[in-house]
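Novice: A single structure is presented below for examination.
Residue numbers (full-length UniProt numbering): 1 to 95.
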């Protein structure tokens with residue numbers, strides 16, 4: 001079997017057809033969501049306990065852990081990470 005590989009752009013959302021602006025927004029949100037997911041997995045806390053530390057309820061945390069990216073803004077994710085002592089560094093550059 002011969003498989004052809006195509007080099008990606010580094011942004012999976014752009015690669016599957018989202019606009020430049022939307023793909024950047026989705027990429028930022030997904031990275032922030034991964035950090036919250038990492039906290040939950042590494043903390044050893046129950047979802048209810050982790051949700052309380054994050055300042056949200058357990059059903060909302062469950063949505064995040066299931067990858068429901070459309071339900072979370074960048075602001076909300078940054079606030080959650082701040083509550084658990086995670087610093088978010090922003091880098092801005094010309095496109």
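Ideal Cβ placement from N, Cα and C applies to all residues, glycine included.
For residue 29, does the count of other Cβ atoms within 10 angstroms reach 16, so buried, or fall short, so exposed?
Specialist: Buried, by the Cβ-count rule.
Novice: With a 10 Å radius around its C-beta and 16 neighbouring C-beta atoms as the bar for buried, classify residue 40 as buried or exposed.
Specialist: So residue 40 counts as buried.
Novice: For a quick check, are the C-beta atoms of residue 88 and residue 81 less than 7 Å apart?
Specialist: Yes, the Cβ-Cβ distance between residue 88 and residue 81 is below 7 Å.
Novice: Check whether the Cβ atoms of residue 63 and residue 53 sit closer than 7 Å, and answer yes or no.
Specialist: No, the pair does not count as a contact, with Cβ atoms beyond the cut-off.
Novice: Hey, quick one: how far does the alpha helix (DSSP H) through residue 51 stretch, first residue to last?
Specialist: Here the alpha helix (DSSP H) through residue 51 covers 47-54.
Novice: Note the first and the last residue of the continuous alpha helix (DSSP H) segment covering residue 42.
Specialist: Looking at the DSSP string, the run of the alpha helix (DSSP H) that includes residue 42 is 20-43.
Novice: Specify the secondary structure class of residue 94 as computed by DSSP and reduced to three states.
Specialist: Residue 94 falls in the coil class under three-state DSSP.
Novice: What does the Cβ neighbour count give for residue 3, buried or exposed, with the cut at 16 atoms within 10 Å?
Specialist: Under this definition residue 3 is an exposed residue.
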